[in-house]
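Visitor: I'd like to ask you about the structure that follows.
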Amino acid sequence: MRLAYMVATPEVAGNGVLGLKGDLGKNLIRLREHGYEGVEFIVKDPKVLDWEKVKRLVDSVGLEVCAITTGNIYMECNLSLLSSDQSIEQLAWQRLQEVIDFASVFRTKVNIGALRGKIPYGWEKEDSNRKLLDYYQMAAAYAKPKDVEILLEPIAYILTDTVNSTNEAIYFIKKVNRDNFGLELDLFHMNLEERSLGKSFRSAKPYLRHIHISDSNRKPPGYGNLPFSNLIAELKAIQYHSFLSIECFQFPDEDTALRESISVLRRFLC
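Heads up, the sequence shown is in our numbering, so the first residue is 125 and it goes up one at a time.
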């Protein structure tokens, strides 16, 4: 397992971003100096970025872009794949395609989490699920020739009413049935939704491609009550070898969060 950290691209401006904000080049250097091997980009509108410049910055510090996360498209732009306004839905799909195009520069993964949105008032859940399944299939088909994987991320009930649990995500992954459509888990959401994190990891084994890491309170590892020794042992037991990407509040400040996250997790990865 390797460690990555979330970094916002320059167009992301919202408060409460669960990663580093500011000068992209300097932030990538900070990750490398602290010992991280990967970066996960938080994006909002990738078409405004200079893609080749971003790639040069990443390559110059020797980091791997392990994933690109799309939640801020929903949180800052109010775009979602579920909407009673068809124009919003279509803009969300267009933006997702643009993120996939950006991801193709790095041949990496794109998540679908908060971008799903919530079930609109008056809609049946079954109808919403059918629409989401269509979008998952479309996203995987669009991403395949671009060497991009799509990751479905369960999100806790406090934020959405779609795909809350590991088992719900696995249901859709089986329905989509494409080799570039897999599972992303997030410890914060799992801690709210799953009765047993270890059992969920074991159920997820055939589908799991990526993991978001924070402590129980969304602060850096070590500031809450998650048993990281046990959780890392469970991941070793299912032979998970991909990235653990830190997605947390920058508490008490960015440099401390960067330093202490990797310090805590490295103790258990050895």
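Ideal placement from N, C-alpha and C gives every residue a C-beta, glycine not left out.
1. In the DSSP assignment, what residue or residues form a beta bridge with Met-130?
2. Contact between the stretch 219 to 227 and the stretch 327 to 339 is defined here as three or more beta-carbon pairs at a separation below 8 Å; is this criterion met?
3. To which residues does DSSP link Glu-308 through a beta bridge?
4. Return helix, strand or coil for Leu-206, following the three-state DSSP convention.
5. Would you check if there are 3 or more beta carbon pairs closer than 8 Å linking the stretch 370 to 387 to the stretch 341 to 354?
6. Taking DSSP as the reference, what is the three-state secondary structure of Cys-201?
7. If you compare alpha carbons, which of Lys-360, Ile-282, Val-163, Ala-264 is closest to Leu-276?
8. Between His-158 and the rest of its own chain, which residues show a CB-CB distance below 7 Å, the 5 nearest in sequence each way excluded?
9. Using 10 angstroms around the beta-carbon of Cys-190, count the other beta-carbons present and answer buried if the total reaches 16, otherwise exposed.
10. Can you list the beta strand (DSSP E) stretches of 3 or more residues lying completely in the stretch 231 to 312, in chain order?
11. Ile-370 bridges to which residues according to DSSP?
12. Between Glu-318 and the rest of its own chain, which residues show a CB-CB distance below 8 Å, the 5 nearest in sequence each way excluded?
13. Which residue from Leu-152, Asn-202, Leu-311 puts its Cα closest to that of Asp-379?
14. Taking the straight line between their C-alpha atoms, what separation do you get for Tyr-260 and Val-300?
15. When we look at the beta-carbon of Ala-227 and count the other beta-carbons within 10 Å, is it buried (16 or more) or exposed?
16. Could you check the C-alpha separation between Asn-253 and Cys-201 for me, to the nearest Å?
17. Locate the alpha helix (DSSP H) running through Ile-386, then write down its first and last residues.
18. Report yes if the CB atom of Glu-440 is closer than 9 Å to the CB atom of Phe-392, and no otherwise.
19. With respect to the alpha helix (DSSP H) encompassing Glu-358, which residues constitute its N-terminal and C-terminal limits?
20. Quick one, which of Gly-186, Asp-303, Ile-282 has its alpha-carbon nearest Leu-332's?
Guide: Considering the structure as presented:
1. According to DSSP, Met-130 bridges with Glu-164.
2. Touching, no.
3. Bridge partners of Glu-308: His-334.
4. When DSSP states are grouped into helix, strand and coil, Leu-206 belongs to the coil group.
5. They touch, by the three-pair rule.
6. The answer is helix: DSSP assigns Cys-201 an H, G or I state.
7. Per the Cα distances, Ala-264.
8. Leu-382, Arg-383, Ile-386, listed in sequence order.
9. By the neighbour-count criterion, in which a residue is buried when 16 or more other Cβ atoms sit within 10 angstroms of its Cβ, Cys-190 is buried.
10. Listed in chain order, the complete beta strand (DSSP E) runs (minimum 3 residues) inside the stretch 231 to 312 are 233 to 236, 273 to 276, 305 to 310.
11. Note: Ile-370 sits in a beta bridge opposite Tyr-129, Ile-337.
12. Result list for Glu-318: Ser-289, Thr-290, Ser-324, in chain order.
13. The candidate whose alpha carbon is nearest that of Asp-379 is Leu-152.
14. Each residue's Cα considered, the two are about 7 Å apart.
15. Flag for Ala-227 reads buried.
16. Near 23 Å, if we compare the C-alpha coordinates of Cys-201 and Asn-253.
17. Per DSSP, Ile-386 is one residue of the alpha helix (DSSP H) stretching across 378 to 393.
18. It is not possible to answer for residue 440, since the shown part of the chain is limited to 125 through 394.
19. Start and end: 352 to 361.
20. Comparing Cα positions, the closest option is Asp-303.
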